[in-house]
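Position one of the sequence shown corresponds to residue 0 (numbering that gives the first Met the number 0), numbered consecutively onward.
Accompanying notes for the structure given below.
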Amino acid sequence: MIHSFHIPVLGLAFSIDTPIKVARYGISSVVSVVDDELVERMRKYHSGLNNIPYAPIHKTSPDCRARRITAYLNLLNTIVNDQFTRLKQEPFTEGSDIERYFDLLPERSVLKQGYDLMKEHEGERKEIFQQVLRAQIQKGSIDVNIMAKVDKLNYDAKGDYSGDENTDALAALRGFAESDLESSVVLSAGMNPKLYSYLEKFRDFYPDENGALRKKVTLKVSNYRSALIQAKFLAKKGIWVSEFRIESGLNCGGHAFATDGLLLGPILEEFKSERLAMQLELFAMYQSALQTKGLEINEAPTQRVTAQGGIGTGNEHNFLLQHYQLDAAGWGSPFLLVPEATNVDDDTLKHLAGSKRDDYYLSNASPLGVLFNNFKNSSIEQEKQHRIARNRPGSPCTKKYLCSNTEFTDKPICTASRQYQHLKIAELAALKLNDEDYNRQYESITEKVCLCEGLSASVYIKNDMLTAGERSAVAICPGPNLAYFSNVYSLDEMVSHIYGKINLLQGSDRSDIFINELNLYIDYLKREISAYMENMNDKKHKHLQNFKAQLQQGIQYYQQLIPQMTNYANSYIEKMFSDLALSEQQLCLVNIEAATNQLSLQ
0 MIHSFHIPVL
10 GLAFSIDTPI
20 KVARYGISSV
30 VSVVDDELVE
40 RMRKYHSGLN
50 NIPYAPIHKT
60 SPDCRARRIT
70 AYLNLLNTIV
80 NDQFTRLKQE
90 PFTEGSDIER
100 YFDLLPERSV
110 LKQGYDLMKE
120 HEGERKEIFQ
130 QVLRAQIQKG
140 SIDVNIMAKV
150 DKLNYDAKGD
160 YSGDENTDAL
170 AALRGFAESD
180 LESSVVLSAG
190 MNPKLYSYLE
200 KFRDFYPDEN
210 GALRKKVTLK
220 VSNYRSALIQ
230 AKFLAKKGIW
240 VSEFRIESGL
250 NCGGHAFATD
260 GLLLGPILEE
270 FKSERLAMQL
280 ELFAMYQSAL
290 QTKGLEINEA
300 PTQRVTAQGG
310 IGTGNEHNFL
320 LQHYQLDAAG
330 WGSPFLLVPE
340 ATNVDDDTLK
350 HLAGSKRDDY
360 YLSNASPLGV
370 LFNNFKNSSI
380 EQEKQHRIAR
390 NRPGSPCTKK
400 YLCSNTEFTD
410 KPICTASRQY
420 QHLKIAELAA
430 LKLNDEDYNR
440 QYESITEKVC
450 LCEGLSASVY
460 IKNDMLTAGE
470 RSAVAICPGP
480 NLAYFSNVYS
490 LDEMVSHIYG
500 KINLLQGSDR
510 SDIFINELNL
520 YIDYLKREIS
530 AYMENMNDKK
540 HKHLQNFKAQ
550 LQQGIQYYQQ
560 LIPQMTNYAN
570 SYIEKMFSDL
580 ALSEQQLCLV
590 NIEAATNQLS
600 LQ
C-alpha cells in the first residue's frame, strides 16, 4: 500500500463511490454491495457524469443482482483507471492532482522523500526524477464488503425458490468474482460456510503461474481464535486469507460485535506473537489443498494484519503500526466528516459536526438482532418517533434485504417492517401485561428501524437522486469516536491528521483509544447485567464473571503496556495512567454477586 491507512466500508451508501473520490491518490477504500438497487442507480449516475453508455439491468432480468454488482464494479474500475492515467500524465505544477498525490503521502514514505528530492533539482535531472516517480505511484484498491450472514433467500416471479447460488451473499460474491477488479473481498459479520465454500468456484481466487492472486480474501475479525478457525476452513479449500482486518468489538461504526471482554490491545498482542506460526500452519493446509486441485505453489502469498475502530490521532496510528507490527490501520467514521470522500447529506453532516458524546449510543435498532451504533440526531430516529406518535410504528418494507423473521409468516419478513410490528404489538396486547412491562416490550418492538432505505438515503439526497415518493429519512451509524471530531474537513486535512502533520483534536478531552474501548466494555457489562437480571441462571452468571475477569486482565495488560509507549509526551502517559485507574475503579464497582443476590431475594 502507498498509504498506511484505508477507509473501511461505511454503511451502504456513505462509501458506495469513495474509490472514485480517493483511489487515484493511492488511498484504498471499501464499497458495500448489499443493496443492488443502490448499486444500479449509482452506475447510472456515474455513467452519466463520465459520458459512459448505460444499459439498465432490470430487477426482472436473469441473475440481475450479480450482474448489477459486476457492472458497477467494472464501471468503478474504468473510471478510477482513467483518472489515474490522467493523473500520471499531469505536469508537476501547483494545484495538479499529481502534486496533491505526493502532498498527501506521509513524510516517512520513500515516494514522498523522492518527491522532495525532485523539487530540489532542475532541468534534465528533475525530469528523470519525475519519470521515476510516475512509474512508481499506485492507485488505491477498490475493495468490496460482503456481510456473510446477510444472505436472504430469493424467489422468482412465481414464488419458487431461486436456488442456493442466488441467495444475497452468494450472488454478491459472484458479482465481485466476475468483475474486472484486482482487489479484495472483505468478508464480515461472522462465518457463512456456504458462502466460504462458494469461493472455490472462481479461478481468480487461486494463484496464477507466478503465484499471484488476482482476487484476494480479507476477513474482518474480532479476535485471534475466530480468525484462525475461519482461515483454516478456507485454507483447506485452497483459499488464502490475504488480510486479517481486526476490528474493535464496540469502538467502531455500524453493527457492534462485542467480544467476551477481550480488549483490542491483548487481541493485537496475540496476533503479533502468533502471526508467523499461524501463517506457517495455514500455508501447509493451503499448499496441500492446491495440490489436490492440480496447482503448485512453493511460497506463501502475502498475509497482512490490520486494525480499525476508534483510532483518533496520528500518535495512536503510528503506535499501533509500530508496536503491533501492523501493515495498516482503518479510519472509518472520521471520514463521514469529509464530503470529498463520502456521501453525507448536508443536514446530517451539520448534526454530526456539532455532536456530543451523548449523541452516540448502542441500540437495538437493527433488524439483524445485533447491537447497532446509532446517532440520536439522525432523521430516521425522528421519523420513527413520529410514526409511533401516530400509532403507525414500523416502516414500509420495499427492499427486503434484512428479512429473517418467520414468527407470523411462512416467508421471512423484517422486524422493522410495519407488518411485523403490527402483528407483534397485537400479540403483546393480548398478554394483558401491566403498564411497565407492556411499555418496555413495546419500546423493544418499535426500536427497530429500516436500515435498507435509511443507510442509502443520504447519497440520494446529496446527489439530488430522490425519486417521487421515496423516503428521505437518513440512518447513520458512526462509531462513538466521532464525537471528538467537531468540524467538516477536507481530504487533505484528514489525511494530514492521520499522519500527525496537524492535530484536528487540539484541545479535546479525548482519552486514549485503549481507554475509550475499555470504558465502552465496562458500560456494556453493566448493560448485560441489567438484561440478565430478570432471567439469571448459572450459565449467565458464569458468563458475566468471565467477562469481568477478561476486562481485569486487559487492565493489567495496559498497565504494563503504557511504559512502552515512548512516542507519547509525559503528560499523555500520566493522563493515560490516571484514566486507566479511574476505569479500574469503575470496573471494581460492578458487583455481579450483589446483582445476583438481589435477584434471588426478589
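Even glycine gets a Cβ: it sits at the ideal position worked out from N, Cα and C.
Residues bridged to residue i (per DSSP)
{"i": "Leu602", "result": "The structure shown does not extend to residue 602, since the chain is modelled only from 0 through 601, so no value can be given for it."}
{"i": "Ala306", "result": "Ile245 and Ala328"}
{"i": "Ile412", "result": "Asn404"}
{"i": "Asp142", "result": "Val29"}
{"i": "Ser394", "result": "Ser416"}
{"i": "Phe4", "result": "Ala328"}
{"i": "Val240", "result": "Val216"}
{"i": "His254", "result": "Phe371"}
Whether residue i touches residue j by CB criterion (8 Å)
{"i": "Asp142", "j": "Val220", "result": "no"}
{"i": "Leu370", "j": "Pro477", "result": "no"}
{"i": "Ala472", "j": "Ile412", "result": "no"}
{"i": "Ile562", "j": "Leu519", "result": "Strictly speaking, residue 562 in this sequence is Pro, with Ile absent from that position. No, the Cβ-Cβ distance between Pro562 and Leu519 is not below 8 Å."}
{"i": "Val79", "j": "Arg42", "result": "no"}
{"i": "Ile514", "j": "Leu586", "result": "no"}
{"i": "Ala257", "j": "Tyr567", "result": "no"}
{"i": "Glu583", "j": "Leu249", "result": "no"}
{"i": "Leu319", "j": "Ala340", "result": "no"}
{"i": "Val448", "j": "Lys383", "result": "yes"}
{"i": "Ser182", "j": "Ser140", "result": "yes"}
{"i": "Lys87", "j": "Arg133", "result": "yes"}
{"i": "Tyr195", "j": "Phe232", "result": "yes"}
{"i": "Tyr44", "j": "Asn462", "result": "yes"}
{"i": "Lys215", "j": "Ala288", "result": "no"}
{"i": "Tyr359", "j": "Asp167", "result": "no"}
{"i": "Tyr285", "j": "Ala211", "result": "no"}
{"i": "Ala171", "j": "Val8", "result": "no"}
{"i": "Tyr223", "j": "Glu164", "result": "no"}
{"i": "Gln130", "j": "Met117", "result": "no"}
{"i": "His496", "j": "Ser365", "result": "no"}
{"i": "Ile554", "j": "Leu543", "result": "no"}
{"i": "Ile591", "j": "Lys547", "result": "yes"}
Rounded C-alpha distance that separates residue i from residue j
{"i": "Asn376", "j": "Ile127", "result": "54 Å"}
{"i": "Ile603", "j": "Asn50", "result": "The structure shown has nothing for residue 603, since the chain only spans 0 to 601."}
{"i": "Ile245", "j": "Phe204", "result": "22 Å"}
{"i": "Ala361", "j": "Ile136", "result": "A quick correction: the sequence has Leu, not Ala, at residue 361. Each residue's Cα considered, the two are about 41 Å apart."}
{"i": "Ala230", "j": "Ser3", "result": "24 Å"}
{"i": "Gly174", "j": "Val185", "result": "14 Å"}
{"i": "Leu263", "j": "Glu446", "result": "29 Å"}
{"i": "Glu199", "j": "Thr312", "result": "40 Å"}
{"i": "Tyr483", "j": "Lys355", "result": "8 Å"}
{"i": "Ser577", "j": "Asp511", "result": "11 Å"}
{"i": "Lys398", "j": "Ile228", "result": "33 Å"}
{"i": "Asn605", "j": "Gly25", "result": "With the chain running from 0 to 601 in the structure shown, residue 605 is simply not present."}
{"i": "Asn438", "j": "Asn390", "result": "14 Å"}
{"i": "Ser443", "j": "Ala70", "result": "40 Å"}
{"i": "Tyr100", "j": "Gln82", "result": "12 Å"}
{"i": "Gln601", "j": "Leu422", "result": "Legend: pLDDT at Gln601 = 45, less than 50; position of this residue unreliable, no value from coordinates given."}
{"i": "His5", "j": "Gln552", "result": "30 Å"}
{"i": "Arg417", "j": "Asn373", "result": "21 Å"}
{"i": "Glu208", "j": "Lys292", "result": "14 Å"}
{"i": "Glu98", "j": "Phe91", "result": "6 Å"}
{"i": "Gln440", "j": "Lys431", "result": "12 Å"}
{"i": "Ser187", "j": "Pro392", "result": "30 Å"}
{"i": "Leu218", "j": "Ala226", "result": "7 Å"}
{"i": "Arg470", "j": "Asn363", "result": "22 Å"}
{"i": "Leu75", "j": "Asp62", "result": "20 Å"}
{"i": "Met464", "j": "Leu579", "result": "48 Å"}
{"i": "Gly506", "j": "Tyr323", "result": "28 Å"}
Kindly provide the ranges of any alpha helix (DSSP H) runs that are 4 or more residues long and lie completely inside the segment 148-228, ordered along the chain.
167-176 and 192-197
Tell me the start and end of each unbroken beta strand (DSSP E) in the segment 486-527 that is at least 3 residues and wholly inside, in chain order.
none
Using a Cβ distance threshold of 8 Å, determine whether the segment 522-540 contacts the segment 479-495, with at least three qualifying pairs required.
no
Which parts of the segment 326-386 are runs of the beta strand (DSSP E), unbroken and 3 residues or longer, counting only runs that do not cross its ends?
327-329, 359-362 and 371-374
Assess contact between the segment 36-46 and the segment 143-160, defined as three or more Cβ pairs (one per stretch) separated by less than 8 Å. Is contact present?
no
Does the segment 294-313 come close enough to the segment 269-279 to have 3 or more Cβ pairs within less than 8 Å?
yes
Should the segment 334-354 be regarded as contacting the segment 2-17, the criterion being three or more beta carbon pairs within less than 8 Å?
yes
For the segment 163-181 against the segment 59-74, do three or more pairs of beta-carbon atoms, one drawn from each stretch, fall closer than 8 Å, so that the two count as touching?
yes
Any 3 or more C-beta pairs closer than 8 Å across the segment 342-355 and the segment 450-465
yes
Runs of beta strand (DSSP E) wholly within the segment 546-582 (minimum 3 residues, chain order):
none
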